[in-house]
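Here's the structure we're looking at; comments come further down.
There are 2 protein chains.
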Amino acid sequence: MTSYDVARVAGVSQSAVSRAFRPGLSVSAKTKDKVMKAAKKLNYKPNAIARMLITQRSGMVAVIISSISNLIYPELLSRITDQLSSRDVRVLLFTLDEKEQLAELLDQIWTFQVDGVIALTAHFDHEDIARFEEHNIPVVLYNRQVPDHPANTVCVDHEQGLKQLVDLLVAGGNRRFLVLSGPTESDVANERRIIALRHLSRHGIDEVPVAYGDFSYQSGKDCFARWMKDHDAPDAVICSNDTMAIGCIDEARDGQGLKVPEELSVTGFDGIHAAFWTGYDLTTVRQPVNQMAKAAVDILMERVENPTVPPEKRVLAGSLFKGSSARS
Amino acid sequence: MTSYDVARVAGVSQSAVSRAFRPGLSVSAKTKDKVMKAAKKLNYKPNAIARMLITQRSGMVAVIISSISNLIYPELLSRITDQLSSRDVRVLLFTLDEKEQLAELLDQIWTFQVDGVIALTAHFDHEDIARFEEHNIPVVLYNRQVPDHPANTVCVDHEQGLKQLVDLLVAGGNRRFLVLSGPTESDVANERRIIALRHLSRHGIDEVPVAYGDFSYQSGKDCFARWMKDHDAPDAVICSNDTMAIGCIDEARDGQGLKVPEELSVTGFDGIHAAFWTGYDLTTVRQPVNQMAKAAVDILMERVENPTVPPEKRVLAGSLFKGSSARS
DNA sequence: TTGAATAATGCATTCGATTTCAATTTAAAA
DNA sequence: TTTTAAATTGAAATCGAATGCATTATTCAA
């Protein structure tokens, strides 16, 4: 079923059919009506691919996601998809586990002529961003900054969130800290670690030890277990994300026989669903996922409409959730 | 950068460029080499959209997902995406929360000319399947059967998995059961409930009470709490999925002060990551997500290549995981 | 060396809609 | 009723690659 078929049945030209289906174009009510009737009869729907080819707009946005197992991403992905689809834009989903796959992935993205990209991934440096600029494809990064390169970014306010978190822990009497960080390759991990250490230092708490995991539950468990082999238990463990914090709590309780929070405070970051399960009831900083998804889509689509709009970094405040996993 | 540009630089025809980029077509090594050199120089990549238009193949598969918050889906989605991308097929992601949005979603799918559909959703009846057949778009359903309508399906073997689970519980001395089911609108919930009840009955255990939730953590908690208001604690709760089971355990421990598994056995179904966290260590039936994702993609792509292949239902065995959430 | 069979190549058409431009119709103003 | 401006309309070009067909170049056997 093509627009020509509809045109024949409706007794108008093919151009008229096309115009009838695009809003705001010059068609008389009578013609439009004839076209729509014929279209309904033939069950005609305009072919999106032909439209993409001629308009040079695909109506698709690539969403690139690493480690979907990080539980913050499913919800984020869902929200982003909803936001985009309310603007009549589709999501082309790419997963990216290894940095090595990036080159191939970028080729795919060019050939598919996506209108824009939302990157929920760490495997993206300023060179990659530059390549998108060459192709005039706007990109929005999530919780990620590229040093020395202005880029569209949506970030949770780590500074503000971690300040509140650290203040709360110190006020609760915690003095001997351990920071359980994500890997040093991760900007988010580095930022969270450095900021947490800085705020501790402002309370006069220095030389705080750091153990490194990979954001996973298992690494939270293992890192804490390894630490406890050679050290006394700290008062509090500040984890880079909720998943590690949950691993740490499980290890503390079941592996080390420590009571949380009586003998050990544990905090997370993100506000994943599981953090609020009563078995954990994590003290954590919640990312405003809805607003962040909306912000990412808003920023992106504004640049899609108008490519000359300069890059923007939008920082959204997180909210401290006072659970029962930490003395406070 | 179009194939014409490359053709000019390489000193060949546009057809030659096209042929150089498609495998198995008749081009001499010399021509191919000239084309590739020119393509590299111009940084040319074939335009996927133009290709779609002429070949009538989009190289995209629609994945429709409801309730991404069901923790089995993120992993599944990730596996499916990997499987598809290894076949050089992209994922167009759609979320579908309300049945009402389905009509609009289907329109989108037609216009985008996807090569196939993988449906991780309950909102799909045989009428919808029939419409896909009309459009010659193959569909694979996940853990879902459409009565009286042959359809491509990948299912975990509920029968076998639940038999093992029930046998284990009975062998462990559990006699007084409660079934915590997902909603009756859900086929999966119905199947799991009915099969569990049947197997209990084979052990002479009849008239087992059922409470209904909606697969969510909160509903697991709430249902169990509500049940305990008017009843004595059962020996064991068989839940329709892991998330409800986790909710049930949290309510049992923190709300009702019951020891799991000493005073209450709780089992789940699915094998989500959180089920294996030591805080829960759920006895559950694990879906072989990798194989199921692969099976779904295999079945789908076979029908994409050859639309006359008849529908197939593939049932994969789950594996019983004996955690410490149930006496056994 | 010749002829037949095969491989390589280019021309021109095609996919299905959008859009410019010129022609025509309609509406409004005089 | 005539003139002018505005709104509709259709013809034709366009987006960028794939491909059937006819032509030319190559290979191999005789």
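Protein sequences, first through last, are from chains V and Y.
Its first residue numbered 25, the first sequence is counted upward by one per residue in the numbering used here.
Its first residue numbered 25, the second sequence is counted upward by one per residue in the numbering used here.
Glycine included, each C-beta is placed from N, C-alpha and C at the ideal position.
Chain Y residues whose Cβ lies nearer than 8 Å to that of residue i
i, result
"V:Ala74", "Leu77"
"V:Gly303", "Ile270, Ile273, Asp274, Arg277, Asp278, Gly303 and Tyr304"
"V:Leu116", "Met84, Arg114, Val115, Leu116 and Leu117"
Chain Y within 8 Å of residue i, Cβ atoms only
i, result
"V:Tyr241", "yes"
"V:His297", "yes"
"V:Ser82", "yes"
Cross-chain neighbours of residue i in chain V, by beta carbon under 9 Å
i, result
"Y:Pro70", "Thr135"
Chain V contact residues for residue i, given Cβ-Cβ distances below 8 Å
i, result
"Y:Asn92", "For clarity, residue 92 of chain Y is Ile in the given sequence; the question names Asn instead. By Cβ distance, chain V contributes Pro98, Glu99, Leu101 and Ser102."
Rounded distance between the beta-carbons of residue j and residue i, thought under 8 Å
i, j, result
"V:Arg199", "V:Asp256", "In fact, because the Cβ distance is near 13 Å, the residues do not count as touching under 8 Å."
"Y:Leu144", "Y:Val309", "At roughly 18 Å, the Cβ-Cβ gap does not stay under 8 Å, so Y:Leu144 and Y:Val309 are not in contact."
"Y:Asp112", "Y:Gly83", "7 Å"
"Y:Val163", "Y:Asp149", "Not really, about 12 Å apart at Cβ, beyond 8 Å."
"V:Phe239", "V:Gly206", "5 Å"
"Y:Asp181", "Y:Val339", "5 Å"
"Y:Ile88", "Y:Phe118", "5 Å"
"V:Pro98", "Y:Ile218", "Not really, about 29 Å apart at Cβ, beyond 8 Å."
"Y:Asn176", "Y:Ile323", "5 Å"
"Y:Ala44", "Y:Val33", "Contact flag wrong, Cβ pair sits at about 13 Å."
"Y:Gly237", "Y:Leu288", "Their Cβ separation, rounded to whole angstroms, is 17 Å, which puts Y:Gly237 and Y:Leu288 out of contact at 8 Å."
"Y:Ile229", "V:Met76", "Wrong, their Cβ atoms sit about 59 Å apart, outside the cutoff."
Closer than 7 Å at the beta carbon, the chain V residues around residue i
i, result
"Y:Ile131", "Looking at the sequence itself, residue 131 of chain Y is Asp, so the reference to Ile does not match. Within 7 Å Cβ-Cβ: Lys69."
CB contact below 8 Å: residue i versus chain V
i, result
"Y:Thr105", "yes"
Same chain only: Cβ atoms within 6 Å of residue i, ignoring 5 sequence neighbours per side
i, result
"Y:Thr194", "Before going on, a small fix: residue 194 of chain Y reads as Val here, not Thr. Cβ within range, chain order: His227."
"V:Ile296", "Leu95, Ile96 and Asp266"
"Y:Gly185", "Val309 and Gly342"
"Y:Val212", "Asn167"
"V:Leu126", "His147"
"Y:Pro233", "Leu202"
"Y:Lys61", "none"
"Y:Lys123", "His147"
"V:Gly196", "Arg351 and Ser352"
"V:Lys337", "Thr177"
Residues near residue i in its chain [Cβ-Cβ closer than 8 Å; skip 5 each side]
i, result
"Y:Val290", "Ala260, Val261, Cys263, Ala269, Cys272, Ile273, Ala276, Val284, Leu306, Thr307, Ser349 and Ala350"
"V:Ala154", "His173"
"V:Asp152", "Leu126 and Leu130"
"Y:Phe300", "Leu306, Phe345 and Gly347"
"Y:Phe136", "Ser82, Met84, Ala86 and Leu116"
"V:His159", "Trp134"
Own chain residues within Cβ distance below 7 Å of residue i, not counting five before or after
i, result
"Y:Ala317", "Leu100, Arg103, Ile104 and Gln107"
"Y:Gln38", "Ser27, Tyr28 and Ala31"
"Y:Lys187", "His223"
"V:Asp294", "Ile96, Asn265, Asp266, Thr308 and Gln311"
Self-check item: beta strand (DSSP E) segments (min. 3 residues) lying fully within the segment 246-308 of chain V
Solution: 260-263 and 289-291
Quiz prompt | Every unbroken beta strand (DSSP E) inside the segment 142-191 of chain Y [3 residues or more] | solution = 163-166 and 176-180
Quiz item: Mind pulling the beta strand (DSSP E) runs of 3 or more residues that sit fully within the segment 67-131 of chain V?
Solution: 84-89 and 114-119
Self-check item: Whole runs of the beta strand (DSSP E) within the segment 320-346 of chain Y, excluding any shorter than 3 residues
Solution: 337-340 and 343-345
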